[in-house]
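Numbering (my numbering), first residue to last: 5 to 383.
Every residue, glycine too, gets a C-beta built ideally from N, C-alpha and C.
A short write-up of the structure that comes next.
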Ligand SMILES: *Cc1c(COP(=O)(O)O)cnc(C)c1O
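Structural data, given as C-alpha cells:
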C-alpha cells in the first residue's frame, strides 16, 4: 500500500511552495559574510520600535492562549476601515493573508469546480487550488507590448467563466509582475462577474500601491455593494511584520461567518496581534516605509534605464527586470556577490528576476552588482 495513494487527489501531485533563500542559507552555502536579501518583498527598515516594545510586553502572558477573536486588533482594523463603513464582523483574521486565500477555497470550492487566475500570478493560487481538488483555469496574461505587460487580462477572465467557475483570484498589484488594475477596469469587471462566483482580491501591497498610483482602487469601499467579494490585506509587507504572520480578509458578514467556521481558533498568536496593533498606531513608520520604497523603486528604474534594461511597471515594493537572456546566470552571479534576489523561472518568466526594494545602501549594492555583470546580459 502506498501512502501517497491515501492522500487527497489534489495533494498527490502537489509541489511544495519554495520560499526565497535566506541570508543565513547563502552565508552558509557560499561562506559569505556580507549578504543582502532583496528576495521576499519584506520591509527593509526592519520592525518599528513600537512593535518591539509591544511584543516584549506581551511576553509576560506567554502561558495564556491568545484571544481567538482578536477583539482589540479587530477594533483597530475596523477603525482603519471606518471610512469604507466596514463593520468588525466583516473582518476575518488569518495566519498571514495566505490563510485567508486558503479559507476562501475551503469554504467555497471542491472537486469538479473551476478556479480562475492569471498566468504569472502569485504562486499560492495554483498551489492552493490544486490542493482543494478543483481545476485551475489559468488565463494568458496581457502581451508584453501592452501598457501593462504580463498584467491580468480581465476580458480573458470573463470569457473563461463557465457554470463550473466557483472562485476568481486577482492580485492587485500582482506578484511577481508588479502590474496593477486601475479603478474603472476593476470595478467594471467585478460588476460583470455573476454573483454566485467568489472574487478574492489580494491587496497584499495596498499601502505601497496607493502611494505610487493615483488610479489604484480602494476596493474595500465596494464590499457593501458586492457580497461575493473578499479583499485580503496583510501586515507582512509595508507594516514590516512578515515573521508574525498576520493578515485579514474583508467581506460580507455572511462570508466572514463561513470562513470563521473553519478557521483554526487560535490561528493568529498573541505576539502577532500585539505587533499588528502597535504597527497600526505607528504612522511615522508607515510614512518612512512608503518614502523609502518610492525612492528605492525610482533609483532601480533609473539604473535600469542607464543600463538599457527593460522592466515591468510596478505599484509594489519590488521590480521585475527583464535581462533578455536566461536570468539564472545573472541570479547565480549575484548570489556569489552575496546579493539574493528572486528567480522568476517558476513563474514562467525565465529572462527576468524580481528584486525587492531595499534600503538605499542595499539598492546601490544591487545596482553596482548588475552594472559589474553587464556583459552577462550583453550591455
Ligand atoms: C506577500 C504576498 C501575500 C502575503 O502573504 P502573507 O501570508 O500575508 O505573508 C499575499 N499575496 C501576495 C500576492 C503576496 O505577494
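Are residue i and residue j touching if we call contact CB-CB under 8 angstroms?
| i | j | result |
| --- | --- | --- |
| residue 318 | residue 242 | no |
| residue 181 | residue 324 | yes |
| residue 94 | residue 255 | yes |
| residue 252 | residue 265 | no |
| residue 244 | residue 101 | no |
| residue 313 | residue 327 | yes |
| residue 170 | residue 230 | no |
| residue 96 | residue 358 | no |
| residue 342 | residue 46 | no |
| residue 352 | residue 117 | no |
What would DSSP say about residue i, mapped onto helix, strand or coil?
| i | result |
| --- | --- |
| residue 66 | coil |
| residue 90 | coil |
| residue 312 | coil |
| residue 36 | coil |
| residue 275 | helix |
| residue 353 | coil |
| residue 254 | strand |
| residue 27 | helix |
| residue 183 | coil |
| residue 44 | coil |
| residue 146 | coil |
| residue 95 | strand |
| residue 343 | strand |
| residue 6 | coil |
| residue 280 | helix |
| residue 249 | coil |
| residue 287 | helix |
| residue 319 | coil |
| residue 242 | coil |
| residue 115 | coil |
Restricting to Cα atoms, I'd like to know which of the options is closest to residue i.
| i | options | result |
| --- | --- | --- |
| residue 56 | 314, 283, 327, 345 | 283 |
| residue 200 | 365, 165, 346, 252 | 165 |
| residue 119 | 240, 174, 62 | 174 |
| residue 345 | 329, 352, 366 | 366 |
| residue 219 | 230, 191, 204 | 191 |
| residue 361 | 16, 43, 31, 37 | 43 |
| residue 98 | 130, 240, 296 | 240 |
| residue 85 | 126, 198, 135, 226 | 226 |
| residue 146 | 132, 137, 121 | 121 |
| residue 136 | 108, 194, 143 | 108 |
| residue 155 | 133, 167, 168, 125 | 125 |
| residue 279 | 59, 131, 159, 337 | 59 |
| residue 149 | 349, 372, 374, 315 | 315 |
| residue 257 | 75, 167, 91 | 91 |
Check for me: the beta strand (DSSP E) holding residue i runs from which residue to which?
| i | result |
| --- | --- |
| residue 259 | Run containing residue 259: none in the beta strand (DSSP E); it sits in the alpha helix (DSSP H), 257–266. |
| residue 370 | Unbroken run through residue 370 is the alpha helix (DSSP H), 364–376; no beta strand (DSSP E). |
| residue 322 | 322–326 |
| residue 270 | Careful: residue 270 lies outside any beta strand (DSSP E) and carries neither H nor E. |
| residue 125 | Careful: residue 125 lies outside any beta strand (DSSP E) and carries neither H nor E. |
| residue 201 | From DSSP, residue 201 is part of no beta strand (DSSP E); its letter is neither H nor E. |
| residue 238 | 233–238 |
Along the chain, where does the alpha helix (DSSP H) containing residue i start, and where does it finish?
| i | result |
| --- | --- |
| residue 13 | 13–16 |
| residue 84 | 75–84 |
| residue 163 | 158–164 |
| residue 172 | No alpha helix (DSSP H) holds residue 172; the beta strand (DSSP E) holding it covers 169–175. |
| residue 337 | 332–340 |
| residue 104 | 101–112 |
| residue 130 | 128–136 |
| residue 2 | With the chain covering only 5 through 383, there is no way to say anything about residue 2. |
Original post:
Can you pull every residue whose C-beta falls closer than 5 angstroms to some heavy atom of ligand 1, listed in chain order?
Top reply: 100, 101, 102, 126, 175, 179, 206, 208, 238, 240, 251
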